[in-house]
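To start, the structure under review is shown below, and the notes come after it.
Protein chains in written order, with this note's numbering: chain A, 22 to 348; chain B, 22 to 348.
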């Protein structure tokens with residue numbers, strides 16, 4: 022059995038706990054939390070809860086520690102810190118900062134002899150794999166990534182910071198015509214606005230100026246200004262009833278030519294449709310924890326990503342079983 | 022530059038030649054053929070053509086030899102033979118015999134110190150990867166593979182062996198309702214007949230009994246008896262005009278649950294739409310030749326498959342570039 026620990030028991034941490042249940046060669050041994058351990062009750066029997074700052078004392082009990090904090094402030098500190106004591110997996114997803122995070126985790130891991138796998142999940146993660154496979158098998162072709170329909174936590178948070186907003190949920194939606202153009206092999210040039218629309222469900226505070234809220238949202242730079250944005254005002258009850266899930270998904274396309282004179286067209290499509298973003302993300306984290314365990318046993322240390330892991334390493338089955346049943 | 026050789030200059034060999042043109046870090050150095058070398062003229066300038074039996078004498082000039090023969094009789098002999106002298110890649114696709122072929126190539130490669138990657142292409146190959154990723158990230162879920170719409174060479178050949186048939190082309194077609202049921206997450210149980218139909222375009226010899234030909238085709242065990250099969254009789258001109266391409270493609274789905282109580286549904290879809298089956302297959306072979314070259318440089322020998330190769334190894338870009346631009 023591979024012994025796992027969870028650092029941080031939020032949506033992602035609870036997702037990891039659920040994913041472990043689906044993997045018979047794995048066992049959840051400990052949850053580490055910044056909250057009072059007495060206030061945290063895992064759903065899995067026999068799992069110990071410890072204070073985050075006591076983690077190092079339990080290093081010997083855990084094969085891989087899955088870091089379930091956020092990318093903004095938690096992981097840049099936690100991953101290089103905990104790799105001093107544990108093999109680790111994180112879901113660091115601030116794309117622009119991945120190279121720096123990699124170098125930092127790589128250095129700390131090489132010093133401690135532990136292995137860290139960063140930026141795991143579905144984007145970065147499974148979508149990165151789709152992009153790299155597409156790049157390799159159709160060099161010179163075009164890659165398109167679409168997200169949604171799904172809830173963007175970052176955009177929902179941005180709306181909540183607008184004056185007069187009590188609560189909000191934002192869906193990122195791929196434009197159907199753009200999807201269809203790419204799928205048909207047309208290789209269109211698409212602007213930001215042509216690829217996705219943004220749908221906002223907003224609960225206004227009593228007496229708030231709804232027209233002004235809508236204006237503020239639609240003009241927000243980076244988040245909404247470059248998109249066709251729709252704002253729906255709904256009640257708190259409606260938000261809870263109709264928008265409490267965290268679905269997500271998306272599409273990665275690779276579209277381009279083969280043949281001596283580029284005479285053949287090819288379209289590769291990879292897509293995900295997920296009822297729960299954190300539940301699927303953590304399912305990917307757990308699969309890659311298996312690879313980290315195996316690579317670490319072989320003496321690997323430092324930092325790797327999904328791009329460095331032989332696919333067979335993330336499956337419970339042996340190489341022989343995989344060749345027989347899945348090749 | 023990675024120096025490649027091609028063994029066998031048919032559809033697949035010519036596809037490899039075209040794929041090399043799309044990969045700037047690779048160079049086609051030699052074509053080996055069982056035909057008279059004088060009768061073979063590669064489209065790429067400067068490529069030498071040699072007799073297949075002289076291949077061993079050119080071992081020092083080639084980093085990876087891509088074996089472009091058939092799975093029925095060529096590759097079971099050629100791959101274990103040529104790995105004595107070369108790193109090799111093959112597209113062995115007789116699924117049931119892959120484990121035995123693997124063992125045989127592994128033994129020969131370990132003896133010679135060379136590396137062979139077998140069963141490369143899209144199925145086995147990219148579809149195998151999709152199945153393994155699906156298995157790992159959604160354990161306990163269901164996998165569905167659909168092929169087509171595309172030309173099955175094996176089924177076309179089977180029709181050509183029917184008495185009275187001058188020529189034929191067979192398309193494998195996924196049943197749209199089955200695709201849609203899987204895509205929507207319904208996890209249906211599907212019989213062979215419910216998954217695919219078979220469309221046959223047949224040129225009858227003059228005076229042949231068409232009703233009897235149709236009966237013979239539809240009753241053919243393994244090939245057609247378990248499917249809803251349609252037979253269209255057309256002229257040789259129509260066959261040439263409308264059915265001379267070799268398109269193919271297909272879909273791999275993984276569909277199943279996440280969550281502590283299996284409360285969340287997930288559907289992962291990977292699909293290919295290819296104007297030319299051999300052109301795309303050989304494009305995959307060439308990408309994996311790059312991985313074989315790199316793994317061999319690291320001292321790997323014996324046999325591997327796509328499941329054993331870190332995805333970054335098949336891309337021309339460095340790990341650093343991939344992390345920056347694709348993760």
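Beta carbons: idealized from backbone N, C-alpha and C, even for Gly.
Original post:
Tell me the DSSP bridge mates of residue 163 of chain A?
Top reply: A/276
Original post:
Per DSSP, what kind of secondary structure is residue 101 of chain B in: helix, strand or coil?
Top reply: helix
Original post:
Hey, is the region 104–113 of chain B in contact with the region 137–157 of chain B, meaning 3+ C-beta pairs nearer than 8 Å?
Top reply: yes
Subject >> Which listed residue (B/317, B/43, B/201 and B/125) has its alpha carbon closest to that of residue 290 of chain B >> reply: B/201
**OP:** Report all residues from its chain with a CB closer than 8 Å to the CB of residue 68 of chain A; omit the five preceding and five following residues, and keep chain order.
**Re:** 38, 49, 50, 51 and 52
Original post:
Across which residues does DSSP place residue 18 of chain A in a beta bridge pair?
Top reply: This structure leaves residue 18 of chain A out entirely; chain A is present only between 22 and 348.
**OP:** Give the residues from the region 291–307 of chain B that approach chain A closer than 7 Å (Cβ to any Cβ), ordered along the chain.
**Re:** 291, 292, 293, 294, 295, 296, 297, 300, 301, 304 and 305
Original post:
What residues from chain A crowd round residue 44 of chain B, counting only those whose CB sits closer than 8 Å?
Top reply: 160
Original post:
Comparing the C-beta of residue 328 of chain A with each C-beta of chain B, is any distance below 8 Å?
Top reply: yes
Subject >> Coil, strand or helix - residue 61 of chain B by DSSP >> reply: coil
Original post:
Which bits of chain A does residue 344 of chain B rub up against, with CB to CB less than 7 Å?
Top reply: 119, 120, 123 and 326
**OP:** Enumerate in chain order the residues of its own chain whose CB-to-CB distance from residue 288 of chain A is below 6 Å, with the five nearest sequence positions on each side excluded.
**Re:** 206 and 276
Subject >> Nearest residue (CA-CA) to residue 345 of chain B, options A/46, A/80 and A/120 >> reply: A/120
Original post:
At a CB-CB cut-off below 9 Å, which residues of chain B make contact with residue 319 of chain A?
Top reply: Within 9 Å Cβ-Cβ: nothing; residue 319 of chain A doesn't reach chain B, min ~13 Å.
Original post:
Thinking C-alpha only, which one of B/309, B/338, B/333 and B/332 is nearest residue 324 of chain B?
Top reply: B/309
**OP:** Tell me whether residue 62 of chain A is buried or exposed, calling it buried when 16 or more other Cβ atoms sit within 10 Å of its Cβ.
**Re:** exposed
Subject >> Cβ distance (whole Å) where residue 248 of chain B is taken to contact residue 269 of chain B below 8 Å >> reply: At roughly 17 Å, the Cβ-Cβ gap does not stay under 8 Å, so residue 248 of chain B and residue 269 of chain B are not in contact.
Original post:
Under the rule that 16 or more other beta-carbon atoms within 10 Å means buried, what is residue 278 of chain B, buried or exposed?
Top reply: buried
Original post:
Just how far apart, CA to CA, sit residue 27 of chain B and residue 164 of chain B?
Top reply: 35 Å
Original post:
Out of curiosity, what's the CA-to-CA distance linking residue 332 of chain B and residue 255 of chain A?
Top reply: 46 Å
Subject >> Pairwise C-alpha distance: residue 43 of chain A and residue 283 of chain B >> reply: 9 Å
**OP:** With DSSP as the reference, please indicate the residues paired to residue 267 of chain A in a beta bridge.
**Re:** A/297
**OP:** Please report how far the alpha carbon of residue 314 of chain A lies from the alpha carbon of residue 122 of chain A, in whole angstroms.
**Re:** 21 Å
**OP:** Give a yes or no on whether the minimum CB-CB distance between residue 280 of chain A and chain B is below 8 Å.
**Re:** yes
**OP:** Put residue 79 of chain B into one of helix, strand or coil per three-state DSSP.
**Re:** helix
**OP:** Check the Cβ of residue 286 of chain B against every Cβ in chain A and list those closer than 7 Å, keeping chain order.
**Re:** 296
Subject >> Chain-order list of residues whose beta-carbon lies under 8 Å from that of residue 133 of chain A (same chain, five-residue window excluded) >> reply: 104, 105, 106 and 322
Subject >> CB contact check: residue 236 of chain B to chain A, cutoff 8 Å >> reply: no
Subject >> residue 2 of chain A versus A/334, A/312 and A/338, residue with shortest Cα-Cα distance >> reply: Examination of residue 2 of chain A is not possible in this model, given that chain A is present from 22 through 348 alone.
**OP:** With a 10 Å radius around its C-beta and 16 neighbouring C-beta atoms as the bar for buried, classify residue 213 of chain A as buried or exposed.
**Re:** exposed
Original post:
Which residues of chain A have a Cβ atom closer than 7 Å to the Cβ of residue 336 of chain B, listed in chain order?
Top reply: 153, 156 and 157
Original post:
Span of the beta strand (DSSP E) holding residue 321 of chain A?
Top reply: No beta strand (DSSP E) holds residue 321 of chain A; DSSP gives it neither H nor E.
Subject >> Range of the contiguous beta strand (DSSP E) that encloses residue 44 of chain B >> reply: It is not in any beta strand (DSSP E) - residue 44 of chain B carries neither H nor E in the DSSP assignment.
**OP:** Give a yes or no on whether the C-beta atoms belonging to residue 273 of chain B and residue 148 of chain B are separated by under 8 Å.
**Re:** yes
**OP:** Give the range of the alpha helix (DSSP H) segment to which residue 240 of chain B is assigned.
**Re:** 231–240
Original post:
According to the Cβ coordinates, are residue 176 of chain A and residue 222 of chain A closer than 8 Å?
Top reply: no
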